[in-house]
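Report on the structure given below.
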Amino acid sequence: MPTHQLVFGCAEAPARECSGDDDLQDFLTREGFGAYEINSGAQIVSDDMKLQISRMGMLPVLRCVSRDLNESEACLIQAKMLGASVACMRLGAANAEEEASRDLVQTVLTKFKDACINLRFEVHPSTIFANLGKTAHWCELFPEVNLALDAEMLLEESADTDEGSAPDLRPGFSSLVPKTAMLRATIPDSAIPRGDVPPQVKLVWKRVMQQWRRHAPAGRWLLFMFDFNLSHPHAPDPVATREFMKRYREAALSCWQTALDSPADDRIERASL
């Protein structure tokens with residue numbers, strides 16, 4: 003029987019920070035990073051970048067910050083140029099203010115499907131909180147819709163939550179968990195100077211992973227994408243960055259294993275999504 007599986011990814015920024023390292027390819031492969039995300043707006047993906055990803059043997063993911071479904075053609079073109087198997091198109095404020103037509107959503111999904119590219123709708127937090135009903139409605143209308151969500155934004159904020167307790171999911175979000183194919187893990191600025199993994203962050207990951215595994219269809223892959231804020235003034239140097247990434251990947255892996263009901267039935271490996 004198909005099992006739930008997990009693949010780790012890293013955003014373009016941390017990998018570029020390590021680009022001066024000859025051991026980058028070995029490091030990413032050894033540490034189990036199976037996906038590499040390119041954050042691209044109007045920027046054209048260079049041949050050098052495509053070659054670098056190809057050499058690393060990683061799954062290329064394109065993140066398009068376009069906020070308008072009508073601009074999906076640009077995202078599709080760039081995904082093709084990159085050779086991406088997965089594209090993540092952001093839905094932002096423009097979609098919150100006007101109802102996207104059913105025909106347009108279907109057209110966008112069909113175009114990506116015909117190109118053999120799995121499309122994820124990345125819903126901006128301010129949008130999804132205000133339009134949770136619309137997002138859930140999309141998932142009902144279009145079974146092929148999958149979401150990319152920020153792990154930290156799925157949880158209730160409570161002043162009473164201490165470090166030893168697991169936070170609750172925001173009301174209504176459990177209904178979106180089965181349609182979530184990608185979780186973005188943003189590392190808090192406060193953790194960067196120390197390079198540690200705050201206990202509350204691990205509780206967040208564990209809680210979301212537990213809910214995802216409980217509700218996601220069998221055989222579903224979860225792409226866990228690390229988004230490190232390396233523009234922080236106290237971000238580690240390229241050499242220390244490798245250890246920083248490794249520490250967070252190990253923490254997330256520990257959370258995943260803790261969340262498993264039957265550890266022997268689940269595998270963690272690289273694969274084509």
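The numbers in the working numbering rise by one with no breaks, and the one at position 31 of the sequence shown is 33.
We treat Cβ as the ideally placed atom computed from N, Cα and C, and that holds for glycine.
The secondary-structure analysis by DSSP pairs Glu-39 across a beta bridge with Ala-13 and Val-63. Beta bridge pairing from DSSP links Asn-120 with Val-88. In the DSSP assignment, Leu-205 falls within the alpha helix (DSSP H) that extends over 201-217. Ala-76 and Val-125 have their C-alpha atoms spaced approximately 18 Å apart. Under the three-state reduction of DSSP output, Val-125 falls in the strand class. The beta carbon of Trp-140 lies closer than 6 Å to those of Val-147 in the same chain, with the five residues before and after it left out. Secondary-structure assignment with DSSP links Leu-149 through a beta bridge to Phe-123 and Thr-182. In this structure Leu-61 does not touch Ala-81 by the C-beta definition: roughly 12 Å separates them, more than the 8 Å allowed. Restricting attention to His-6, Glu-142 and Ala-117, the CA atom closest to the CA of Arg-104 is found in Glu-142. Within the same chain, and ignoring the five residues on either side of Phe-114 in sequence, the residues whose Cβ sits closer than 7 Å to its Cβ are Leu-78, Ala-89 and Leu-121. DSSP, reduced to helix, strand and coil, places Leu-262 outside both helices and strands of the structure shown, so it counts as coil. Between Glu-73 and Val-110, the alpha-carbon positions lie close to 10 Å from each other. A buried status is given to Glu-39, since no fewer than 16 other beta-carbon atoms sit within 10 Å of its beta-carbon.
Asp-170 sits in coil when the DSSP states are folded into three classes, being neither helix nor strand. Pairing Met-184 with Leu-156 gives a Cβ-Cβ distance that is not under 9 Å. Here DSSP, grouped into helix, strand and coil, assigns Gly-135 to helix. For Val-203, the closest of His-6, Gly-135 and Tyr-250 by C-alpha to C-alpha distance is Tyr-250. By the Cβ-count criterion, Leu-106 is exposed, with fewer than 16 other Cβ atoms from all chains shown falling within 10 Å of its own Cβ. Selection Ala-13, Phe-35 and Pro-180 evaluated against Cys-66 yields Ala-13 as nearest (Cα-Cα). Thr-243 has its alpha-carbon roughly 20 Å from the corresponding atom of Pro-201.
Between Ala-254 and Asp-229, the alpha-carbon positions lie close to 13 Å from each other. Residue environment for Gln-108: exposed (fewer than 16 other C-beta atoms within 10 angstroms of its C-beta). At least 9 Å separates the beta-carbon of Leu-178 from that of Thr-112. If the five residues before and after Lys-181 are omitted, its C-beta is found closer than 7 Å to the C-beta atoms of Cys-141, Val-147, Asn-148 and Leu-149, all from its own chain and listed in chain order.
Shown here for Gly-59: same chain residues with a beta carbon closer than 7 Å to its own, the five before and five after excluded, namely Thr-31 in chain order. Burial state of Cys-118 is exposed, judged by a 10 Å Cβ sphere holding fewer than 16 other Cβ atoms. Taking Glu-33 as the centre and dropping the five residues before and after it, the same chain places the C-beta of Lys-248 and Arg-251 closer than 6 Å to its C-beta, in chain order.
CA-CA distance, Phe-35 to Met-227, rounds to 9 Å.
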